[in-house]
Amino acid sequence: MDPTAEVIALVGIGILLTALYLQSESFVDPLIRGISLQSLLLAVLLGWLAWTEQSIDLALLAGLAVVVRAIFIPYVLRRQIRAFRWRLREIHAAHRVTGHALAAVALAIIAWFVFQETLASVFPQPGAALPFVLMIQGLLMLATRTNTIVQVIGYLEEENAVVYAGALFAQAFPLFVEVVVFLDVLGVVLVAVILSIQRDVTGTPEEAALEELSG
Amino acid sequence: MDWATQVVSVVQAATVLLLAPLLAGIGYRLKAWTESRTGPSIFQPYFDLAKYLRKETLLPDGASRIFFVAPFVAFGAYLLISVVVPIITPYPIPFAPTVDFLGGGLLFGLAGTVTLLAAVDSGSNYAILGASRTVSFAAFAEPTLIIVFFAVAVITGTNNPYVTNNLLASSTSAYLSPTHLLVTAAFFLLLLAETGKLPVESTGLMEFGMLEDGRIFEHSGRLLGINRWNGWLKQFLLYSVFVNVFAFPWGLSGDVSAPGTLWNIVLLLAKLLALVGVIVLVEATVAKVRLFKIRDFLALSFSLAVLAVFAFAVLGVP
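As given, the protein sequences belong to chains A and B, one line each in that order. Counted the way this note's numbering counts, the first sequence spans residues 1 to 215. Counted the way this note's numbering counts, the second sequence spans residues 1001 to 1318.
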């Protein structure tokens, strides 16, 4: 087995494990560290591909992934929860750890079957289904969680899936698109933080509704 | 049937029977050290066993023969497992072809089931509570074990532990494959649960969260001694399968001779000591989870086992 395939396999499973961890974790702080680790794994994959393909674009993306996704966004989110300690835990999910973990695994398997039936002929590489599976995991997180920061983390996971797909099928995504994805996430995080700070300061009922973006 | 491999079978069974209490004693001693206690002698389980075997056996009112026979049936099942799984040999011994992984799992299941029946037969609320809890959590643990077998089967194309041992010892890519790494992690978590270690269970009869110990609450004297020995045998066998088939498959000598067998016994002890060290480290660093959170722990183990099979399907490598 060639080293690149092994790295793709190991990093892919690592990313899947972090996705499973994110689904079953109730506390917000470990969730932020989890998404940071997932982004770091993604950066490792991008770095490896940049090295083997001698691609400046991929090297830039690896650097961006470390700086923006693994360090800066987690830093902003952690500062936010440090200011408001009651956000440390998502109470609603606390009693459903088993259910969330099993649902995540079941959905991963369903996603894989869907991928096999639809996209497998276009992307026949080993591990090609993983970005698709990761995207579905992000969607599951958005659908099952009610805490705003956790939902932002679910969104980050989805964006990680997009970058992951870009890394595996590098020719398909030009650098410009990838950079837009990064900045897009940054914008979402900043808007979410500003909205929740505004809500905490004013505390009006209309803004309190923002706490649970369940619609 | 070659007489030399028959002798090795007997040596293997004797190794399991005689060293199982020692391994438990070393575990207790190491755990005491992590708690800044001197701890009991590593031979304390032997002294305990001798004491139990000399004591009078009392039977609860209304208990049937099941209560009396169960510890011996379980002991027989563990003895049978000790001559069919790779413990001190990388080559199949005469009884090995009679069972595969699944057969070994069924024998463990038999031992567990008769112990449960004895607990229910005792009529004691405490013993039945222990049995009820054990069954509740076994409902999550058993599927994990089956999925672990599936994952092993997809790695090697067979369900034979000897083939698995040989393949993993000879192929680095199979050893480092995501499927194998995940299945090893899942089996390790299951090992902690099945042998009553933290974060699932803390040992001691007066613990609120007792599971395994609860089932033998009404046994005394010789029956309690046999039950305790069964616990140590189960631990020794599961640890041996874990180190030889999953975690450290290397180094076993294929030489069917006295020096080869002796080397394998020493190597097995070294591997088991390393594993006990890791488990003591885990016990020293994690807190016991609440009783109803145990299923979360087992769900994690189950998820890892399913992901192992999933990894094989998605990545197309063993």
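Even glycine gets a Cβ: it sits at the ideal position worked out from N, Cα and C.
Which class does Ala172(A) belong to by DSSP, given the choice of helix, strand or coil?
Numbered from its first residue, the first sequence carries residue 172(A) at position 172. Any reading at Ala172(A) must be qualified, since the residue scores a pLDDT of 49, below 50, and its modelled position is unreliable; no value is offered.
If contacts are defined as beta-carbon pairs under 8 angstroms, then Leu1059(B) and Phe1068(B) qualify, I think. What distance do you get, rounded to the angstrom?
Walking along the second sequence from the start, residue 1059(B) turns up at place 59. Walking along the second sequence from the start, residue 1068(B) turns up at place 68. Sure, about 7 angstroms apart at Cβ, within 8 angstroms.
Who are the Cβ neighbours of Ser1220(B) in its own chain at under 8 angstroms, not counting the five residues just before and after it?
Within the second sequence, residue 1220(B) is the residue found at index 220, counting from 1. Exclusion of the five residues before and after Ser1220(B) leaves Lys1055, Glu1056, Thr1057, Leu1058 as the residues of its chain whose Cβ lies within less than 8 angstroms of its Cβ.
Determine the chain A residues that contact Pro1178(B) at a beta-carbon separation under 8 angstroms, and present them in chain order.
On the second sequence, residue 1178(B) is found 178 positions in, with the first residue counted as 1. Chain-order list of chain A residues neighbouring Pro1178(B): Ala9, Leu10, Gly12, Ile13, by C-beta distance under 8 angstroms.
Whole-number beta carbon distance between Tyr1126(B) and Gly1214(B), since they are thought to touch under 8 angstroms:
The residue given as residue 1214(B) occupies position 214 in the second sequence. The residue given as residue 1126(B) occupies position 126 in the second sequence. Indeed, because the Cβ distance is near 6 angstroms, the residues count as touching under 8 angstroms.
Which of helix, strand or coil DSSP assigns to Phe1149(B)
In the second sequence, residue 1149(B) corresponds to position 149, counting from 1. Of the three classes helix, strand and coil, the one that applies to Phe1149(B) here is helix, per DSSP.
Neighbour list for Val1306(B) in chain A, Cβ cutoff strictly below 7 angstroms:
Locating residue 1306(B) in the second sequence gives position 306, counting from the first residue. By Cβ distance, chain A contributes Val105.
Leu1198(B) to Ala9(A), Cα distance in whole Å?
Translated into the one-based positions of the second sequence, residue 1198(B) becomes position 198. Translated into the one-based positions of the first sequence, residue 9(A) becomes position 9. If I take the Cα positions, the gap works out to 32 angstroms.
Extent of the continuous alpha helix (DSSP H) run through Ile1066(B):
Numbered from 1 along the second sequence, position 66 holds the residue referred to as residue 1066(B). In the DSSP annotation of this structure, the continuous segment of the alpha helix (DSSP H) that includes Ile1066(B) starts and ends at 1065 to 1081.
Classification of Ala108(A) by the beta-carbon crowding that lies within 10 angstroms, buried from 16 upward
As a first step, residue 108(A) is located in the first sequence; it is residue number 108 there, counting from the start. That one is buried.
Is there a Cβ from chain A that is less than 9 angstroms from the Cβ of Pro1014(B)?
Residue 1014(B) sits at position 14 when you count from the first residue of the second sequence. Contrary to the premise, residue 1014(B) reads as Ala rather than Pro in this sequence. Answer no: the Cβ-Cβ gap between Ala1014(B) and chain A never drops below 9 angstroms.
Alpha carbon to alpha carbon, what distance is there between Leu1022(B) and Tyr1046(B)?
To locate residue 1046(B), count along the second sequence from 1; it is residue 46. To locate residue 1022(B), count along the second sequence from 1; it is residue 22. One alpha carbon belongs to Tyr1046(B), the other to Leu1022(B), and they sit about 8 angstroms apart.
If you drop the 5 nearest sequence neighbours on each side, which residues of the same chain put their C-beta closer than 6 angstroms to that of Gly47(A)?
Counted from its first residue, the first sequence places residue 47(A) at position 47. By the criterion of a C-beta distance shorter than 6 angstroms, Gly47(A) is surrounded in its chain by Ala62, once the five residues flanking it on both sides are discounted.
Proximity of Arg1037(B) and Phe1137(B) at Cβ, strictly below 9 angstroms
Position 37 of the second sequence holds residue 1037(B). Position 137 of the second sequence holds residue 1137(B). For Arg1037(B) and Phe1137(B), no; Cβs fall outside 9 angstroms.
Pro74(A) at chain B interface by Cβ criterion, 9 angstroms
Locating residue 74(A) in the first sequence gives position 74, where the first residue counts as 1. Chain B, which has no Cβ nearer than 9 angstroms to the Cβ of Pro74(A), makes this no.
Could you tell me which of Leu1017(B), Pro1090(B), Gly1104(B), Val1278(B) sits nearest to Phe1188(B), measuring between CA atoms?
Taking the first residue of the second sequence as 1, we reach residue 1188(B) at position 188. In this structure, Val1278(B) is the residue among Leu1017(B), Pro1090(B), Gly1104(B), Val1278(B) with its C-alpha nearest to the C-alpha of Phe1188(B).
Count the other CB atoms within 10 Å of the CB of Ala165(A); is the residue buried (16 or more) or exposed (fewer)?
Taking the first residue of the first sequence as position 1, residue 165(A) is located at position 165. Buried.
Taking only beta-carbon positions, decide if Val133(A) is within less than 9 angstroms of chain B.
Translated into positions along the first sequence, residue 133(A) becomes position 133. Yes, Val133(A) counts as interfacial toward chain B.
Hey, could you find the ends of the alpha helix (DSSP H) Gln23(A) is sitting in?
The residue given as residue 23(A) occupies position 23 in the first sequence. For Gln23(A), the uninterrupted alpha helix (DSSP H) segment begins and ends at 3 to 24.
Inter-residue spacing [alpha-carbon to alpha-carbon] between Phe1246(B) and Val105(A):
In the second sequence, the residue the question calls residue 1246(B) occupies position 246. In the first sequence, the residue the question calls residue 105(A) occupies position 105. Their backbone Cα atoms lie some 23 angstroms apart in a straight line.
Is there a Cβ from chain B that is less than 9 angstroms from the Cβ of Trp226(A)?
With chain A running from 1 to 215 in the structure shown, residue 226(A) is simply not present.
Cα-Cα separation between Ala59(A) and Tyr21(A), rounded to whole angstroms
Against the first sequence, residue 59(A) aligns to sequence position 59. Against the first sequence, residue 21(A) aligns to sequence position 21. As the crow flies, the alpha-carbon of Ala59(A) is around 28 angstroms from that of Tyr21(A).
Give the straight-line distance between the Cα atoms of Leu42(A) and Ser36(A), rounded to the nearest whole angstrom.
Within the first sequence, the letter at position 42 stands for residue 42(A). Within the first sequence, the letter at position 36 stands for residue 36(A). Cα to Cα, Leu42(A) sits roughly 10 angstroms from Ser36(A).
Own chain residues within Cβ distance below 7 angstroms of His95(A), not counting five before or after
For the purposes of this step, residue 95(A) is taken as the residue at position 95 of the first sequence. With a pLDDT of 49 at His95(A), under the threshold of 50, the modelled position of that residue is not reliable, and the figure given next carries that caveat. The answer is none, since no qualifying residue turns up.
Compute the Euclidean distance between the alpha carbons of Thr144(A) and Val1011(B), then round it to the nearest angstrom.
Position 144 of the first sequence, counting from 1, holds the residue named residue 144(A). Position 11 of the second sequence, counting from 1, holds the residue named residue 1011(B). Cα to Cα, the separation comes out at about 56 angstroms.
Can you give me the C-alpha to C-alpha distance between Ile1265(B) and Ser1009(B), rounded to a whole angstrom?
Position 265 of the second sequence holds residue 1265(B). Position 9 of the second sequence holds residue 1009(B). Rounded to whole angstroms, the gap between the alpha carbons of Ile1265(B) and Ser1009(B) is 13 angstroms.
I believe Ile81(A) touches Ile149(A) by the beta-carbon criterion, under 8 angstroms. Please report the beta-carbon distance rounded to the nearest angstrom.
Counting from 1 along the first sequence, the entry for residue 81(A) is found at position 81. Counting from 1 along the first sequence, the entry for residue 149(A) is found at position 149. The pair is a contact, with the Cβ atoms about 7 angstroms apart (cut-off 8 angstroms).
Pull up the distance between the alpha-carbon of Gly1254(B) and that of Leu1049(B), whole angstroms please.
The residue you call residue 1254(B) lines up with position 254 of the second sequence. The residue you call residue 1049(B) lines up with position 49 of the second sequence. The alpha-carbon atoms of Gly1254(B) and Leu1049(B) are separated by roughly 34 angstroms.
Please state whether DSSP places Asp1296(B) in a helix, a strand or coil.
Start at 1 with the first residue of the second sequence, and residue 1296(B) comes out as number 296. The answer is helix: DSSP assigns Asp1296(B) an H, G or I state.
Using a C-beta to C-beta distance shorter than 8 angstroms, which residues of chain B count as neighbours of Pro30(A)?
Start at 1 with the first residue of the first sequence, and residue 30(A) comes out as number 30. For a Cβ distance threshold of 8 angstroms, nothing in chain B lies close to Pro30(A): the least Cβ distance comes to about 14 angstroms.
Please report the distance separating the alpha-carbon of Trp1229(B) from that of Pro1040(B).
Here residue 1229(B) refers to the residue found at position 229 of the second sequence. Here residue 1040(B) refers to the residue found at position 40 of the second sequence. Pairing Trp1229(B) with Pro1040(B), the inter-Cα distance amounts to about 17 angstroms.
Test: Ser1303(B) CB closer than 9 angstroms to a CB of chain A
As a working note, residue 1303(B) is residue 303 in the second sequence. Yes, contact with chain A.
Helix, strand or coil, according to DSSP, for Tyr1091(B) in the structure here?
Counting from one through the second sequence, the residue named residue 1091(B) turns up at place 91. DSSP, reduced to helix, strand and coil, places Tyr1091(B) outside both helices and strands of the structure shown, so it counts as coil.
So Thr98(A) contacts chain B; which residues on that side make the cut at Cβ distance below 7 angstroms?
Position 98 of the first sequence holds residue 98(A). Close partners of Thr98(A) in chain B (Cβ separation under 7 angstroms): Arg1295, Asp1296, Ala1299.
Answer with yes or no whether the minimum CB distance from Gly127(A) to chain B is below 9 angstroms.
What you label residue 127(A) is simply residue 127 of the first sequence in a count that begins at 1. Closer than 9 angstroms to the CB of Gly127(A) there is at least one CB belonging to chain B.
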